[in-house]
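**Q** Per the numbering used here, the sequence shown runs over residues 510 to 920. Glycine included, every Cβ here is placed at the ideal spot set by N, Cα and C.
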Amino acid sequence: MKKFTLFFLGAMLSFIAQSQNLAPNPTFNTTAGWNSNNPGINQDYISTDSRTADGSGLWRIVSNGTFNSRIQSDNISGLPAGNYKFGYWVRGAAGAKSKSFIRDNAQSTTIDGNVYAIQVADTWEYVESVFAISGTGSITLRVNVNDNTNGTSVEVDDVDFRQVFTENAFVTNPDFETGTLDGWSASGGQVVLVDATGNGSAHAGQLSFTEDQTKVNYLDNAIYDFGSTVSPNNIDISFDLYSSSTTINVQVLFDFFDASGAKINTLNTALKSVAVANTWENITLSKPIDIPFNKIQVRLKVKDGALFGDKVAFDNVVSEFSYVTLSVNNNEAVANDIKLFPNPAKNTLQVKSLNTITSINIYDITGKLVFNSNKIFDGKVDISNLNSGIYLARIEDSNRNYSVKKLVVTK
């Protein structure tokens with residue numbers, strides 16, 4: 510129940526589908542749904558300022574000399590047990606710290622999030638975390654100024670609270686214990702699929718080579734249909750691996766399909782091999798992804814290194830991903846008309862939209878904010894200070910529509 514995961518970069522890639530923002534009065538149009546607790550001097554609701562020019566307000570949180578100065582929501586009831594994303598925008602002095610946390614009233618426990626330090630002074634920055642709640646009663650959302658220096662302050666606006674969905678049942682017969690290799694097949698032409706003894710169990714899927722390997726061979730799982738569009742940022746997979754040679758390289762290939770069954774993307778993980786031949790070893794891999802899909806196929810790939818008579822066995826294949834969905838209400842949908850180019854880019858980005866672009870935040874692969882601007886002139890953004898690498902750009906327009914784009918910078 511006390512599970513907590515920082516979710517900066519990953520969750521931002523998954524803002525695609527639909528669900529409800531469960532936070533009361535999330536834009537702070539008034540004080541309704543929120544109240545001030547343990548305030549320092551001048552902690553208050555500010556009706557004349559906001560992150561966007563929408564006529565709403567914001568909350569200023571000021572330390573009273575303790576870590577307890579905060580705002581908190583009214584009770585939120587009727588939530589099913591599970592993981593939830595809680596995010597907010599924060600502004601203040603560079604280094605000023607805030608923290609989100611949730612009070613699970615049914616359990617009489619407070620679930621703490623990580624502390625977030627503002628990167629750039631007087632600039633709105635977005636931070637979010639994922640919490641597990643019991644679902645047996647009500648909760649309250651809370652944000653504090655995480656500083657016991659009297660008078661230290663942060664400003665908070667536009668909170669977002671949504672359920673995080675996890676998929677972890679899309680590998681058919683993951684432990685091979687049906688005894689018939691249901692859901693698995695071999696491909697590549699140089700292997701046969703054998704029901705072998707597993708890692709401490711009766712069954713595993715084994716690829717036995719009938720000749721020296723000259724091409725890629727696979728142990729293929731059945732295609733799985735989620736029944737709707739899903740959009741994770743990352744897919745994790747682990748399995749037990751047995752190989753008769755340490756020179757044999759394996760990896761996982763994920764094939765992704767749309768609702769019609771058309772393949773839309775293929776991704777490979779890193780290569781792995783066993784450290785000791787003829788011994789079971791656990792392998793864990795992870796792969797980023799930035800496209801929505803409806804169906805998936807997991808393919809365990811023997812890339813190279815096998816000779817006639819070699820054996821490669823797999824057992825206990827576990828794969829999962831999580832995703833957060835956003836609603837199309839209150840102009841919070843992903844704005845498909847926001848365009849970012851060129852991509853890859855070198856020193857200058859061009860941003861186009863039907864509406865005026867009001868801000869762009871760029872994050873590195875660790876989730877650190879590395880660029881922020883609220884002043885976009887002629888749609889041009891100077892990124893000459895960014896190093897080569899992969900980033901996420903969060904672009905927002907004057908109607909509070911936004912888009913999260915994968916950005917590649919090459920120098």
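Between F823 and G814, what straight-line distance do the alpha-carbon atoms span, to the nearest angstrom?
**A** Looking at the two C-alpha atoms, the distance is approximately 17 Å.
**Q** Mapping DSSP to helix, strand and coil, what is Q672?
**A** Residue state, collapsed to three classes: strand.
**Q** Given a threshold of 16 other Cβ atoms within 10 Å of its Cβ, counted over all protein chains shown, does P589 qualify as buried or as exposed?
**A** exposed
**Q** Of all the options S662, G596, S607, which has the alpha carbon lying nearest to the alpha carbon of N573?
**A** S662
**Q** Determine the extent of the beta strand (DSSP E) in which N730 is found, giving its start and end residues.
**A** Per DSSP, N730 belongs to the beta strand (DSSP E) from 726-730.
**Q** Thinking just about the alpha-carbon of each residue, which of D749, F765, A768 is nearest to the one in V759?
**A** D749
**Q** Short check: CB of A705 to CB of A695, under 8 Å?
**A** no
**Q** Using beta-carbon positions only, say whether G707 and A731 come within less than 8 Å of one another.
**A** no
**Q** In angstroms with no decimal places, state the Cα-to-Cα distance between A532 and N896.
**A** 37 Å
**Q** Less than 6 Å between C-beta atoms, sequence neighbours within five positions excluded: which residues of the same chain meet that for I871?
**A** V879, F880, Y900, A902
**Q** Tell me, to the nearest whole angstrom, how far the beta carbon of I773 is from that of F735; I am working on the premise that it is less than 8 Å.
**A** Not really, about 14 Å apart at Cβ, beyond 8 Å.
**Q** Using DSSP bridges, identify the partner residues of P797.
**A** N743
**Q** Please classify T723: does DSSP put it in a helix, a strand, or coil?
**A** coil
**Q** Just the C-alpha distance for K812 and L762, rounded to the nearest angstrom, thanks.
**A** 10 Å
**Q** By the DSSP assignment, the beta strand (DSSP E) with S609 in it spans what residues?
**A** 606-613
**Q** Should A615 and S582 be called a contact, given that it needs their Cβ atoms to be closer than 8 Å?
**A** no
**Q** Does the structure place the stretch 773-790 close enough to the stretch 671-687 that three or more beta carbon pairs sit under 8 Å?
**A** no
**Q** In whole angstroms, give me the CA-to-CA distance for W543 and I555.
**A** 13 Å
**Q** Expressed to the nearest angstrom, what Euclidean distance is found between the alpha-carbon atoms of L835 and F817?
**A** Bear in mind that the predicted position of L835 carries a pLDDT of just 42, short of 50, making it unreliable; the figure below should be weighed with that in mind. Cα-Cα distance, rounded: 52 Å.
**Q** Under a Cβ-count criterion, where at least 16 other Cβ atoms within 10 Å of its own Cβ denotes burial, should S912 be classed as buried or exposed?
**A** buried
**Q** Measure from the alpha carbon of Q806 to the alpha carbon of each residue in T681, T561, A630, then state which is nearest.
**A** It is T681 whose Cα lies nearest to the Cα of Q806.
**Q** On the three-pair Cβ rule with 8 Å, is the stretch 611-630 touching the stretch 643-655?
**A** yes
**Q** Among residues of its own chain, excluding the 5 on either side of N777, which ones have a beta-carbon nearer than 6 Å to its beta-carbon?
**A** Q760, L762
**Q** Taking 8 Å as the limit between beta carbons, can you name the residues of its chain near P535, skipping five residues before and five after?
**A** D667, V668, D669, F670, N839
**Q** Going by the DSSP bridge assignment, what does R560 pair with across the sheet?
**A** Partner(s): none; R560 has no beta bridge.
**Q** Can the beta-carbon of K855 be found closer than 8 Å to that of K914?
**A** no
**Q** Tell me T619's beta-bridge partners as DSSP assigns them.
**A** R612
**Q** State buried or exposed for N894, treating a residue as buried only when at least 16 other CB atoms are found within 10 Å of its CB.
**A** exposed
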